[in-house]
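With positions in the sequence shown counted from 1, the corresponding number in the working numbering is that position plus 26.
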Amino acid sequence: MAAWPADWGDHPRILGHLQRDLFGSATTKVFDFLRGCGPAFDRAHALSLCAGDGTFEKLLVEHGILGSVVGIDLADGRVREANERSGELADRLRYEVADANRGDYGLASYDVLFAKAALHHIAELESMMQGMRRALRPGGRLVTLDFFGPNRFQWTDAQLAAVNGFLRDEVPLALRRRADGSTVEFVQRQTPEEVARIDPSEAVRSGELHGLIRQQMQVDYDFAIGGTLLNLIFDSSIVNNFALEDERAMQVVDRAYALERELMRRGEIGCDFRLMIARFA
């Protein structure tokens, strides 16, 4: 079994394809891109929305991507954990309990507003955008790596047809077997009510994000990561079956990636995950 985290976007083969297509080299990571794209993020003071336990924010500072970060999250337990884990970086990392929906981010306080898997949990998008405008210093940037797909995960018919056809025709049974012995047979959409019962904030207005940012901000970079098919085909319960040393499994990954890019190119499916860097004019 592979050792990487059980998420489609962390699979090394998929990452290699994405990095080549987005950044021009299979070995150029997001961190590498942020270092080189400007402005000088390594000296920036940033606010991170929905920071959780602060794991990613700590990496951003440790790797010299951001100079310092204030992270906010609604869960006081996770904020406590994040502050405890800051360790020797405590003078550059601070976490506070706050609701990102309120848009109360401060006044001209930050060079960067950072949002990883955060914006799709925010219901009050208008307050969020107003808060960002107030909080960013002149020339400041929003950097977001997020889910921009359908509200409440209401997958399109074309998306589901492509996913289930690929699972049926291209993925051997052994690669679809979960750890408990069951197998992934097909993907179906839950109702919005079912999604909301699991997490009331999940993908609450995610389908509006891309248009809102492009409408209200000047976009410097808009990378179409995809994930429209890959997120569903390489479910977290089976993604680690696709080991790098298994050539047959890697051929499946390659075909799935190629199919997603082609269907996106033809406009038959949208792009559910994006990396965007934008600023207010």
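In this text, a Cβ means the ideal position worked out from N, Cα and C, and glycines have one as well. Note that the structure is predicted; figures quoted are calculated from it, not measured.
With DSSP as the reference, identify every bridge partner of residue i, one or two as the case may be.
| i | result |
| --- | --- |
| residue 222 | Paired residue(s): none; residue 222 is not in a bridge. |
| residue 313 | Residue numbering for the chain in the displayed model covers 27 to 307; residue 313 lies beyond these limits and cannot be assessed. |
| residue 250 | 300 |
| residue 167 | 138 |
Quick one: using the 10 Å Cβ neighbour count with 16 as the cut-off for buried, is residue i buried or exposed?
| i | result |
| --- | --- |
| residue 83 | buried |
| residue 123 | exposed |
| residue 214 | exposed |
| residue 170 | buried |
| residue 293 | exposed |
| residue 270 | exposed |
| residue 286 | buried |
| residue 57 | exposed |
| residue 27 | Caution applies to residue 27, whose pLDDT of 40 falls short of 50 and renders its modelled position unreliable; the value that the coordinates give is listed next. When all chains shown are included, residue 27 counts as exposed. |
| residue 157 | buried |
| residue 70 | buried |
For a quick check, are the C-beta atoms of residue i and residue j less than 7 Å apart?
| i | j | result |
| --- | --- | --- |
| residue 301 | residue 295 | no |
| residue 129 | residue 154 | yes |
| residue 75 | residue 149 | no |
| residue 299 | residue 253 | yes |
| residue 174 | residue 262 | no |
| residue 121 | residue 97 | yes |
| residue 244 | residue 305 | yes |
| residue 139 | residue 85 | no |
| residue 114 | residue 79 | no |
| residue 99 | residue 116 | no |
| residue 229 | residue 179 | yes |
| residue 34 | residue 201 | no |
State the Cα-Cα distance for the pair residue i and residue j, rounded to the nearest angstrom.
| i | j | result |
| --- | --- | --- |
| residue 40 | residue 119 | 31 Å |
| residue 177 | residue 88 | 34 Å |
| residue 54 | residue 45 | 6 Å |
| residue 32 | residue 283 | 17 Å |
| residue 110 | residue 172 | 26 Å |
| residue 63 | residue 166 | 14 Å |
| residue 66 | residue 94 | 12 Å |
| residue 258 | residue 189 | 7 Å |
| residue 162 | residue 134 | 5 Å |
| residue 279 | residue 198 | 12 Å |
| residue 68 | residue 90 | 5 Å |
| residue 61 | residue 92 | 9 Å |
| residue 36 | residue 281 | 17 Å |
Practice prompt. Just list the beta strand (DSSP E) runs in the stretch 101 to 150, keeping only unbroken ones of 3 residues or longer that don't cross its boundaries, in chain order.
Written response: For the stretch 101 to 150, whole beta strand (DSSP E) runs of length 3 or above, ordered along the chain, are 119 to 123, 136 to 142.
Worksheet item: Can you list, in chain order, the stretches of the alpha helix (DSSP H) that have 4 or more residues and sit fully within the stretch 197 to 246?
Response: If we require 4 residues or more, the alpha helix (DSSP H) runs fully inside the stretch 197 to 246 come out as 218 to 224, 232 to 242.
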